[in-house]
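K.L.:
Supplied in structure tokens, the structure appears directly below.
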Amino acid sequence: MSIKIALAGNPNCGKTTLFNALTGSNQFVGNWPGVTVEKKEGKLKGHKDVIIMDLPGIYSLSPYTLEEVVARNYLIGERPDAILNIVDGTNIERNLYLSTQLMELGIPVIMAVNMMDIVEKNGDRIHIDRLSKKLGCEVVEISALKGTGIEKAAQKAITLANQKNIAIPVHKFAPEVESVLDVVEQKLGSDIVKEQKRFFAIKLLEKDDKIQSQMKLVPDISKEIEQIEKLFDDDTESIITNERYVYISSIIGECYTKGRKDSLTISDKIDRIVTNRILALPIFAVVMFIVYYVSVTTVGTWATDWANDGLFGEGWSLFGLEVPGIPILLDSALTAIGCADWLHGLILDGIVAGVGAVLGFVPQMLVLFIFLAFLEACGYMARVAFIMDRIFRKFGLSGKSFIPMLIGTGCGVPGVMASRTIENDRDRKMTIMTTTFIPCGAKLPIIALIAGALFGGAWWVAPSAYFVGIAAIICSGIILKKTKMFAGDPAPFVMELPSYHMPTVGNVLRSMWERGWSFIKKAGTIILLSTIVVWFTTFFGWVDGQFRMLEDMEIDHSILASIGSLVSWIFIPLGWGDWKSAVAAITGLVAKENVVGTFGILFGFAEVAEDGTEIWGTLAGSMTAIAAYSFLVFNLLCAPCFAAMGAIKREMNNAKWFWFAIGYQTALAYVVSMCVYQFGTLFTTGSFGILTVVALLFFLGFIYLLFFLGFIYLLFRPYKESSSLKLDTKNFARAK
Amino acid sequence: MKTLKDVSCGETVKVTKLTGEGPVKRRIMDMGITKGVDIFVRKVAPLGDPIEVMVRGYELSLRKADAEMISVE
Chain A
1 MSIKIALAGN PNCGKTTLFN ALTGSNQFVG NWPGVTVEKK EGKLKGHKDV
51 IIMDLPGIYS LSPYTLEEVV ARNYLIGERP DAILNIVDGT NIERNLYLST
101 QLMELGIPVI MAVNMMDIVE KNGDRIHIDR LSKKLGCEVV EISALKGTGI
151 EKAAQKAITL ANQKNIAIPV HKFAPEVESV LDVVEQKLGS DIVKEQKRFF
201 AIKLLEKDDK IQSQMKLVPD ISKEIEQIEK LFDDDTESII TNERYVYISS
251 IIGECYTKGR KDSLTISDKI DRIVTNRILA LPIFAVVMFI VYYVSVTTVG
301 TWATDWANDG LFGEGWSLFG LEVPGIPILL DSALTAIGCA DWLHGLILDG
351 IVAGVGAVLG FVPQMLVLFI FLAFLEACGY MARVAFIMDR IFRKFGLSGK
401 SFIPMLIGTG CGVPGVMASR TIENDRDRKM TIMTTTFIPC GAKLPIIALI
451 AGALFGGAWW VAPSAYFVGI AAIICSGIIL KKTKMFAGDP APFVMELPSY
501 HMPTVGNVLR SMWERGWSFI KKAGTIILLS TIVVWFTTFF GWVDGQFRML
551 EDMEIDHSIL ASIGSLVSWI FIPLGWGDWK SAVAAITGLV AKENVVGTFG
601 ILFGFAEVAE DGTEIWGTLA GSMTAIAAYS FLVFNLLCAP CFAAMGAIKR
651 EMNNAKWFWF AIGYQTALAY VVSMCVYQFG TLFTTGSFGI LTVVALLFFL
701 GFIYLLFFLG FIYLLFRPYK ESSSLKLDTK NFARAK
Chain B
737 MKTLKDVSCG ETVKVTKLTG EGPVKRRIMD MGITKGVDIF VRKVAPLGDP
787 IEVMVRGYEL SLRKADAEMI SVE
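Top line first, the protein sequences correspond to chains A and B. For the first sequence, the working numbering gives the first residue as 1, with consecutive numbering after it. For the second sequence, the working numbering gives the first residue as 737, with consecutive numbering after it.
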């Protein structure tokens, strides 16, 4: 029979390092069902029958964060055979707080005090024998980074799991609390096993409604709650929390001796400079510049160009040796075996071109993920949130949203993936939804096309595109924050600033690969399917009453063109209701730079430059300047390319949220473009019609959402957020 | 009544009471800010908010709006 051991501990306690050391490459990474919390499972090295479950890093078993709920549901529901509780030796007091809760679950617990090398270096001492005696569980010293003691810890956990020796918590609270707990325990139904009684009694006393809903019989203990709340003049939840820390304070003196007093550690010294009031922002700017410069402009561009133009293009040279690209190789291979034309087209123009365009981003993403993994692991990412929080929280975003948006100026795909570093679920979803509003590299050709063709290359067109993007993010943040979907989950910004430390190369690379791989898998499924559909509709159609595959220049006969004509009326209010523009916008879904190429084909040019100089004249003749600007705005804001949509799908990990994000983006694009066109026409030609009225109504509605639902106090009374939070918690309390 | 929000950098204070309720209060307490604990206010973020404090031997950052819920002396 296999043994399950759960790894539990605070964030930043070295849990992931230990997990990697214990399991090696034998890991399975996925998500917990229905939520975006990562689930990691692996087999213990050298033990095929021992499964290690890496629980999310948590501070407590409270019902308020997704990670905590996931972790405790697993612990209560699945009941692993043992818990390996990792405790950061350099921060033992707060880490023990979670331990006191884990020990109440009725599952054997073994404690591994991590970072012992640093503790010793600081001259501190942890007396594990006393700690073990006080807590009533086995304690071992380890250093996950150096790999010392971990085998012993794993071995002890296995022994413990086999013994099935249920740990009875030794720690006691104040006598008044204990007597109430005794009463509650006796009231519990018989469906709760003896060793879990204390856990359920405490949760009931804490008025934890999530636990109550898991119980068959919920005894009425309102009298006991009232009695003890009166006695302590506090709510029960706070009484219990307080008691835990009181207990820890009472034992910590004996178990932990501090070496040097009040000396600054290296981490403190770094932090003095890095988050210094004056230097913090310049340092932040430099770090961001390096990340952007390397991952987006230099190494990133080189890698992406290699992948797009070399590997999935014309070919590349390896030490002077010409290596043909995959399409070239496939082309000759398929021609050699006499493959049917349609299959040839499907493989080359559909699958390879489509998926290649997406996989082309992978090298760039991997470069970025190395940086992100490093920034996260070394502790700087928490400081980013600390420095930028003030600006971003006004728009319902996290300070960490800055990084996805910065990366998004290069490419939205890694931008969306970078949102993974944001812990808070609500902030993360908001960031995912808004990151692609920033004009990415592939949208620049569209900007160049419109600016060149209709505005005579005016200097302001490109900056205005960025302005539109930033405004869309800010307005979306303010509006979405008030919607039900984002309002419900109150999450305070109470964040640990972990000590700086040098991450290991192995951990950084592993983290990079996990993220990259999850995107590649997505490219293989949803993106593959979408590109095939677009390919089919582009290259098949009716010519002279006959359905057949089309030549390159016959796109105006394609199914896509028919769809374009069918849906083009939708874009009439936006000023570009002809089917050609509609088709161009649709092909933009495969990759935004396709918009220019499609216009080229539709206007009868086989090949156009990146900014489409050849078609400037034709395009200028086919639409007005304002219609063109509306077209630009629509393409900037609407649903991004399939690759970015794949990334959104991956990060949202939920179909409903995915469609909500795509739907919101497209709806916003539509409304904004419509306003641009209608008001633009009104001001330039003075023509006023029914559509102008509709646009005006949209605009007023937008302003209403933005301003009268709280924009004013958001800007001028920034602390309103907290009081709205209190309101939420009141409702929450009432719901109980 | 003095709250953590009013404490200037470099000062050490003792927590007397926590106001507020629900998730925010629980979160603050989970992080070790409970009655009677010493808090050292280390610094303020470059843009004036949040603040960084040292409690139970580690660094914690919290917004001034939340710091207002912590009464100190």
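For glycine and all other residues, C-beta sits at the position ideal for the given N, C-alpha and C.
If contact means a Cβ-Cβ distance below 9 Å, which residues of the stretch 776-793 of chain B contact chain A?
P.N.:
Hits within the stretch, in order: Arg778, Lys779, Val780, Ala781, Pro782, Leu783, Gly784, Asp785, Pro786, Glu788, Val791, Arg792 and Gly793.
K.L.:
What residues from chain A crowd round Thr770 (chain B), counting only those whose CB sits closer than 7 Å?
P.N.:
Residues of chain A passing the Cβ test: Thr241, Asn242 and Tyr245.
K.L.:
Would you mind working out which of A:Arg130, A:Phe361, A:Pro414 and A:Ala161 sits nearest Asn308 (chain A), comparing C-alpha positions?
P.N.:
Nearest C-alpha to Asn308 (chain A): A:Phe361.
K.L.:
Quick one: any contact between the stretch 623-638 of chain A and the stretch 597-604 of chain A, if contact means 3 or more CB pairs under 8 Å?
P.N.:
No contact exists between the stretch 623-638 of chain A and the stretch 597-604 of chain A.
K.L.:
Of all the beta strand (DSSP E) runs that stay within the bounds of the stretch 600-642 of chain A, which reach a length of 3 or more residues?
P.N.:
Segments of the beta strand (DSSP E) lying fully in the stretch 600-642 of chain A: there are none.
K.L.:
Just to confirm my understanding: we take Gly310 (chain A), look at its own chain, exclude 5 residues before and 5 after, and list those with CB closer than 7 Å. What are they?
P.N.:
For Gly310 (chain A), where only same-chain residues beyond five positions count, the Cβ hits under 7 Å are Trp316 and Gly325.
K.L.:
Skipping 5 residues on each side, what residues in its chain have a beta carbon closer than 8 Å to that of Ser568 (chain A)?
P.N.:
Gly577, Asp578, Trp579, Ser581 and Ala582.
K.L.:
Name, in chain order, the residues that DSSP records as bridge partners for Ala82 (chain A).
P.N.:
For Ala82 (chain A), which the question treats as bridged, DSSP gives the partners A:Ile5.
K.L.:
Take every Cβ of the stretch 227-242 of chain A, pair it with every Cβ of the stretch 82-93 of chain A, and state whether three or more of those distances are shorter than 8 Å.
P.N.:
Flag = no, the stretch 227-242 of chain A and the stretch 82-93 of chain A do not touch.
K.L.:
Tell me the DSSP bridge mates of Leu798 (chain B)?
P.N.:
The partner list for Leu798 (chain B) (beta bridge, DSSP) reads A:Val494 and B:Ile787.
K.L.:
Which two residues bound the contiguous alpha helix (DSSP H) that contains Asp425 (chain A)?
P.N.:
Note, Asp425 (chain A): alpha helix (DSSP H), Asp425 to Thr435.
K.L.:
Thinking C-beta only, is Ile432 (chain A) closer than 8 Å to Ile805 (chain A)?
P.N.:
Residue numbering for chain A in the displayed model covers 1 to 736; residue 805 (chain A) lies beyond these limits and cannot be assessed.
K.L.:
Let me know the secondary structure DSSP gives Ala112 (chain A) once reduced to three states.
P.N.:
Three-state result, Ala112 (chain A): strand.
K.L.:
For chain A, is any of its Cβ atoms less than 8 Å away from the one on Asp742 (chain B)?
P.N.:
Not one chain A Cβ lies under 8 Å of Asp742 (chain B).
K.L.:
Could you work out which residue in A:Gly457, A:Glu38, A:Asn594 and A:Glu614 is closest to Lys68 (chain A) when comparing CA atoms only?
P.N.:
According to the sequence provided, residue 68 (chain A) is Glu. The question's Lys does not apply to it. Among A:Gly457, A:Glu38, A:Asn594 and A:Glu614, the Cα nearest to that of Glu68 (chain A) belongs to A:Glu38.
K.L.:
Measuring CB atoms only, is the stretch 371-391 of chain A touching the stretch 496-504 of chain A, in the sense that at least three cross pairs come out at less than 8 Å?
P.N.:
Yes: at least three Cβ pairs fall under 8 Å.
K.L.:
Quick one: give me the first and last residue of the alpha helix (DSSP H) that Asp305 (chain A) is part of.
P.N.:
Val299 to Asp305 is the span of the alpha helix (DSSP H), which, as asked, contains Asp305 (chain A).
K.L.:
Mind listing which residues of the stretch 274-298 of chain A have their C-beta closer than 9 Å to chain B's C-betas, in chain order?
P.N.:
Residues passing the 9 Å Cβ filter: Thr275, Asn276, Arg277, Ile278, Leu279, Ala280, Leu281 and Phe284.
K.L.:
How many Å lie between Lys187 (chain A) and Ser222 (chain A) at the Cα?
P.N.:
Each residue's Cα considered, the two are about 12 Å apart.
K.L.:
Only counting the same chain, and skipping five residues up and downstream in sequence, which positions put a Cβ closer than 7 Å to that of Thr23 (chain A)?
P.N.:
Counting only Cβ-Cβ distances below 7 Å, and skipping sequence neighbours, we find Gly42, Lys43, Leu44, Lys45 and Ile52.
K.L.:
To the nearest whole angstrom, what separates the beta carbons of Ala6 (chain A) and Pro80 (chain A), a pair I think is in contact under 8 Å?
P.N.:
Going by Cβ atoms, the distance from Ala6 (chain A) to Pro80 (chain A) rounds to 4 Å, so yes, they are a contact pair.
K.L.:
Take Ser724 (chain A) and list the residues in its own chain whose beta-carbon comes closer than 7 Å to its own, dropping the five residues that flank it on each side.
P.N.:
Reliability fails at Ser724 (chain A), whose pLDDT of 34 lies under 50, so the model's placement of it is uncertain and the value that follows must be treated cautiously. Result list for Ser724 (chain A): empty, nothing under 7 Å.
K.L.:
I want to verify the contact list: residues of chain B whose CB lies under 9 Å from the CB of Ile387 (chain A), in sequence order.
P.N.:
In chain order: Ala781, Pro782 and Leu783.
K.L.:
For the stretch 744-768 of chain B, list every residue whose C-beta sits within 8 Å of some C-beta in chain A, in sequence order.
P.N.:
The stretch 744-768 of chain B vs chain A, Cβ under 8 Å: Leu754, Gly756, Glu757, Gly758, Pro759, Val760, Lys761, Arg762, Arg763, Ile764, Met765, Asp766, Met767 and Gly768.
K.L.:
Please work out which residues of its chain come closer than 7 Å, Cβ to Cβ, to Asp235 (chain A), disregarding the five sequence neighbours upstream and downstream, and give them in chain order.
P.N.:
Contacts found: Glu229.
K.L.:
In this structure, how does DSSP classify Arg792 (chain B) when only helix, strand and coil are distinguished?
P.N.:
Correct three-state label for Arg792 (chain B): coil.
K.L.:
For Phe688 (chain A), count the other beta carbons within 10 Å of its own beta carbon; 16 or more makes it buried, fewer makes it exposed. Which is it?
P.N.:
Per the 10 Å Cβ criterion, exposed.
K.L.:
For the beta strand (DSSP E) containing Gly42 (chain A), list its first residue and its last residue.
P.N.:
Gly42 (chain A) -> beta strand (DSSP E) spans Glu38 to Lys43.
K.L.:
In this structure, how does DSSP classify Met388 (chain A) when only helix, strand and coil are distinguished?
P.N.:
Three-state result, Met388 (chain A): helix.
K.L.:
So with CB distances below 7 Å, who are the chain A contacts of Gly797 (chain B)?
P.N.:
Gly is not the amino acid found at residue 797 (chain B); the sequence shown has Ser there. Ordered by position in chain A, the residues that pass the 7 Å Cβ test against Ser797 (chain B) are Phe386, Met495 and Leu497.
K.L.:
Note the first and the last residue of the continuous alpha helix (DSSP H) segment covering Leu160 (chain A).
P.N.:
Taken as a continuous stretch (DSSP letters only), the alpha helix (DSSP H) holding Leu160 (chain A) covers Ile150 to Gln163.
K.L.:
Can you look up Arg277 (chain A) in the DSSP assignment and give me helix, strand or coil?
P.N.:
Looking at Arg277 (chain A) - three-state DSSP - the assignment turns out to be coil, as it is neither helix nor strand.
K.L.:
Less than 8 Å separating the beta-carbons of Val367 (chain A) and Phe312 (chain A)?
P.N.:
Not in contact: Val367 (chain A) and Phe312 (chain A) (Cβ atoms no closer than 8 Å).
K.L.:
In its own chain, which residues sit with a C-beta less than 7 Å from the C-beta of Pro718 (chain A), not counting the 5 before and 5 after it?
P.N.:
Bear in mind that the predicted position of Pro718 (chain A) carries a pLDDT of just 40, short of 50, making it unreliable; the figure below should be weighed with that in mind. Lys394.
K.L.:
Count the other C-beta atoms from every protein chain shown that fall within 10 angstroms of the C-beta of Leu754 (chain B), then say buried if there are 16 or more, exposed otherwise.
P.N.:
Counting Cβ neighbours within 10 Å, Leu754 (chain B) comes out buried, since at least 16 surround it.
K.L.:
Quick one: what does DSSP say Trp316 (chain A) is sitting in, helix, strand or coil?
P.N.:
Reduced to three states, the DSSP call for Trp316 (chain A) is strand.
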